[in-house]
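Data first, discussion second: the structure below is written as structure tokens.
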Amino acid sequence: MYERLRREISYVRGLLEGNNTVDRKSLFRLVDVLDELLEATQHVEARLRELEDYVEEIDDDLNELELAVYEDTDEYDEDLEGFVEIVCPECGEEVLVDEEDLDDAEVEVLCPKCNTVLVVEDATDIEPRRSGVNESLT
Numbered sequence: 066m067y068e069r070l071r072r073e074i075s076y077v078r079g080l081l082e083g084n085n086t087v088d089r090k091s092l093f094r095l096v097d098v099l100d101e102l103l104e105a106t107q108h109v110e111a112r113l114r115e116l117e118d119y120v121e122e123i124d125d126d127l128n129e130l131e132l133a134v135y136e137d138t139d140e141y142d143e144d145l146e147g148f149v150e151i152v153c154p155e156c157g158e159e160v161l162v163d164e165e166d167l168d169d170a171e172v173e174v175l176c177p178k179c180n181t182v183l184v185v186e187d188a189t190d191i192e193p194r195r196s197g198v199n200e201s202l203t
């Protein structure tokens, strides 16, 4: 479409440069080119509006999805209040321990993944160590 418009503009320019006087044919040809440019611009604007509407719908859907995901995360965090995460030094599994249980002098926790017994000696220092015994629940 634009290539044809370029040819038309070049043709009108040639007509105008070739004649010292502007004739009626040149002016009509120029008006035709302007009319086609107007139609092309209207088409582009209509398509742009469609794309803007589409992007807005996608944005709304994404916002709803983000709300759903982050709301679930907030609820999950609230469920974990009162628990402390301990990472098993053997397998890297995160084990949840009730904070109240850490009030004792020494707490033994069994890793659910590798069955390593983790010993937490101090509630202020939550660095687990392996006990000398590795219990296997088979």
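The sequence shown runs 66 to 203 under this note's numbering.
Each residue gets a CB set at the ideal place from its N, CA and C atoms; glycine is no exception.
For this session: On the DSSP bridge assignment, give the partners of Glu159 in chain order.
Result: Taking the sequence shown and counting its residues from 1, the one referred to as residue 159 is at position 94. In the DSSP output, where bridge partners are listed per residue, Glu159 has Val152.
Exercise. How would you label Ile123, buried or exposed, when you count the other beta carbons within 10 angstroms and need 16 or more for buried?
Worked result: Numbered from its first residue, the sequence shown carries residue 123 at position 58. It is exposed - the Cβ of Ile123 has fewer than 16 other Cβ atoms within 10 Å.
Problem set entry | Alpha-carbon spacing of Val77 relative to Leu127, whole angstroms | By 1-based counting over the sequence shown, the position of residue 77 is 12. By 1-based counting over the sequence shown, the position of residue 127 is 62. Rounded to the nearest angstrom, the two C-alpha atoms are 50 Å apart.
For this session: Would you check if the distance between the CB atom of Val184 and the CB atom of Leu175 is smaller than 8 Å?
Result: The count along the sequence shown starts at 1 and reaches residue 184 at position 119. The count along the sequence shown starts at 1 and reaches residue 175 at position 110. Not a contact, by the Cβ cut-off of 8 Å.
Exercise. Can you tell me where the beta strand (DSSP E) with Glu173 in it begins and where it stops?
Worked result: By one-based count along the sequence shown, residue 173 stands at place 108. Note, Glu173: beta strand (DSSP E), Val172 to Leu175.
Exercise. Would a C-beta distance cut-off of 8 Å place Val162 and Val172 closer than the cut-off?
Worked result: Taking the first residue of the sequence shown as 1, we reach residue 162 at position 97. Taking the first residue of the sequence shown as 1, we reach residue 172 at position 107. Result yes, Cβ atoms of Val162 and Val172 sit closer than 8 Å.
For this session: Would you decide whether Val134 is buried or exposed? Buried here means 16 or more other CB atoms lie within 10 Å of its CB.
Result: One-based indexing of the sequence shown puts residue 134 at position 69. Exposed: under 16 other Cβ atoms inside 10 Å.
Exercise. Ser201 by DSSP, collapsed to three states: which one?
Worked result: Taking the sequence shown and counting its residues from 1, the one referred to as residue 201 is at position 136. Any reading at Ser201 is ruled out, since the residue's pLDDT is 45, under 50, leaving its predicted position unreliable.
Exercise. With 16 other CB atoms within 10 Å as the buried threshold, where does Val109 fall?
Worked result: Against the sequence shown, residue 109 aligns to sequence position 44. Looking at its Cβ environment, which holds fewer than 16 other Cβ atoms inside 10 Å, Val109 is exposed.
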